[in-house]
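*Asks:* I am attaching a structure below and will ask some questions about it afterwards.
Numbering (my numbering), first residue to last: 201 to 302.
Dropping the structure here:
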């Protein structure tokens, strides 16, 4: 993985030469990495690693969580199934074995 300074130098080299294969060989990356970083620079103005776009995105919004909390406050003995039904959530029960009744 290239650090941010190397990414910047890579893009600068590509912009000067337009020789993706040569630049890729010099930085020991694939030509697709050269093209991808060049496109990223044009789109965002940066070649920094985009860690914010990694990982699983939350299934519930902050608003969803607040609504669920309000349901629980209003009805403390509400079941998970009732919450799912009232909120119209699509939940795969096999993914949540701890939520399954005894």
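Just so it is clear, CB atoms sit at the ideal spot from N, CA and C, and this is done for glycine as well.
1) Can you confirm whether the region 258-271 touches the region 226-234 when touching is taken to mean that 3 or more C-beta pairs between the two stretches lie within less than 8 Å?
2) Would residue 303 be called buried (16 or more neighbouring beta carbons within 10 Å of its own) or exposed?
3) Look up residue 261 in the DSSP assignment and say whether it is helix, strand or coil.
4) Please go through the region 201-245 and give each complete alpha helix (DSSP H) segment of 4 or more residues, from N-terminal end onward.
5) Mapping the DSSP letters down to three states, classify residue 389 as helix, strand or coil.
6) Counting C-beta neighbours from all protein chains within 10 Å, is the total for residue 239 16 or more, i.e. buried, or is it exposed?
7) Rounding to the nearest angstrom, what Cα-Cα distance links residue 248 and residue 262 in this structure?
8) Going by C-alpha distance, which of 242, 223 and 217 is nearest residue 174?
9) Can you have a look at residue 172 and say buried or exposed, based on whether 16 or more other CB atoms are within 10 angstroms of its CB?
10) So, at 8 Å on beta carbons, what are the nonlocal neighbours of residue 283 in its own chain, with the 5 sequence-adjacent residues on each side left out?
*Replies:* Reading off the structure:
1) no
2) The question about residue 303 has no answer, for the chain in this structure spans 201 to 302.
3) coil
4) 204-217, 220-227 and 231-244
5) The question about residue 389 has no answer here: the residues shown for the chain are numbered 201 through 302.
6) exposed
7) 28 Å
8) As displayed, the chain neither begins before 201 nor continues past 302, which places residue 174 out of reach and without an answer.
9) This structure gives no information on residue 172, because the portion of the chain shown stretches from 201 to 302.
10) 268, 271, 272 and 289
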